[in-house]
Every structure is written in structure tokens, then in C-alpha cells.
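K.L.:
Counting from 1, one number per residue, gives the positions in the sequence shown under the working numbering.
Think of the CB as a built atom: it goes at the ideal place given N, C-alpha and C, for glycine as much as any other residue.
One structure follows; several queries about it will come next.
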Amino acid sequence: MTSYFDRLANSWDANPMKVERARATAEQCRLTPLASRESLLDIGGGTGLLSLFLQGDFKTITIADTSSEMLRVAREKIAAAGIDNIRICLLQKDLSELTGSFSAIISLMTLHHIHDLDAFLGHAADLLNKHGTLMIADLYLDRDGSFHKHVADFQGHDGFDIDQLSQKLVNAGFAVRQVKPYYKISKTNRAGTEQEFPLFFMVAGKS
């Protein structure tokens, strides 16, 4: 999927829905009680839409992504705005490449692209400090796969069953604090009609 996002990088921010989705997610992050807003890891942060909305809410932000073109756009935006508290990290594969610790991690529409959820959540737990918080914004279960019908080689998850995802978080050492719907994406489904796909915002702390 990296090449898919590389191709979309230059036009990503031109989609008003993606901008509004990032804005709505940033607001949910601001409303979430955190032990510290020292450092945020934005996993799959792409062009930096979400991180730029949160730039003033954390002392430091790290955008991590596997798409070099998405991160190129992010770098250009950060430089143009003169922002000095957001850094970029290109991942070759996964979170195991990152070092250090963070007070919070956020993932917007990234988790459903990750094959090994258990490994991902384990790495996330390792990267969070003692009182750290993981925030996940993603699709509720899309049973017929309509959301990704336009991506011929999509091999991720068609959204998530909340109970199953919550259990995986518990197994990885998290305690789920909150899950709520917060945004809807409208797309044309397989039948050619408009369909709404709800997103959830999940908050989990290290237990």
C-alpha cells in the first residue's frame, strides 16, 4: 500500500473531507484527558494534517509513516509554516524501528492497514511511557468491504469489531477507557448509492 499512498501524496490535502476528518480527530484528542502532553507520536501521519492541527497542543510531535512521498509533503508544510516542534520519521516496516518513549500515540485511519495487530499494539505499548495513552480513530466493521472497493490490492482490515479490538488491546497491556462514534465518511458503495461509514474514537491507557 505504500506505493498507493505515494501516488496520492500531492493531492491528499486537496480533499476537504480528509481535512475535516483530521480536524474532528484533533478535537477528540484535545478532549481526551492525558497524563501528559509532552510528546505525541502520530502513526501513519502522512502529510501531517492531524499533527499540524495538534501542533500547539503538545511540546513535541513525531510523524511516523512508511510513505516517503507523504512525508515529503509534510516536511514542506512544516518548513513553510516555520514549525519547530514536529519531526518526521520514515519507517521501512513497522513501529519496532522507533526508539524512545511518548506520552501519547494517535492513529487516524491507519490501524486497518496493519496486518499484524498484536505486534503493532505490543510495539505501541513499549513506546508509551508509564502513564501513556493510545488513541485510535478508525472504521467500525464494514462487513461487505464497500469502503475499500476502489483499491484493487487492498489487503487490510475492513474496519473493526469493537469487542474484538478491545480484547486485543487488553492482551497487549492496555485498559480501554472510551469508545465512541465521532465522524462519518460518505462514499458511493458497490450498489452505486451513497453510504455512510462511521468512525470510532477509542482511548486506551497502559494498565
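Which residues in the same chain as Thr110 place their Cβ atom closer than 7 angstroms to its Cβ, once the five residues preceding and following it in sequence are excluded?
P.N.:
So the qualifying residues of the chain are Ile43 and Gly44.
K.L.:
Span of the beta strand (DSSP E) holding Ile136?
P.N.:
Leu128 to Leu139
K.L.:
Under the rule that 16 or more other beta-carbon atoms within 10 Å means buried, what is Glu69, buried or exposed?
P.N.:
buried
K.L.:
Check each candidate in Lys77, Gly82 and Ile63 and name the one with the smallest Cα separation from Leu98.
P.N.:
Considering only alpha carbons, the answer is Ile63.
K.L.:
From Val170 to Val176, what distance separates their C-alpha atoms?
P.N.:
7 angstroms
K.L.:
Less than 7 angstroms separating the beta-carbons of Phe102 and Ser39?
P.N.:
yes
K.L.:
For the 8 angstroms Cβ check, are there 3 or more pairs between the segment 70–84 and the segment 131–143?
P.N.:
no
K.L.:
Of the choices Leu52, Pro198 and Ile61, whose alpha-carbon is the least far from that of Val19?
P.N.:
Leu52
K.L.:
Around the Cβ of Gln92, are there at least 16 other Cβ atoms within 10 angstroms (buried) or fewer (exposed)?
P.N.:
exposed
K.L.:
Under 7 angstroms, do Lys206 and Leu128 count as touching if we go by C-beta distance?
P.N.:
yes
K.L.:
Note down the Cα distance separating Gly100 from Ala79, rounded to an integer number of angstroms.
P.N.:
24 angstroms
K.L.:
I need the straight-line Cα distance from Pro198 to Ile106, nearest angstrom please.
P.N.:
18 angstroms
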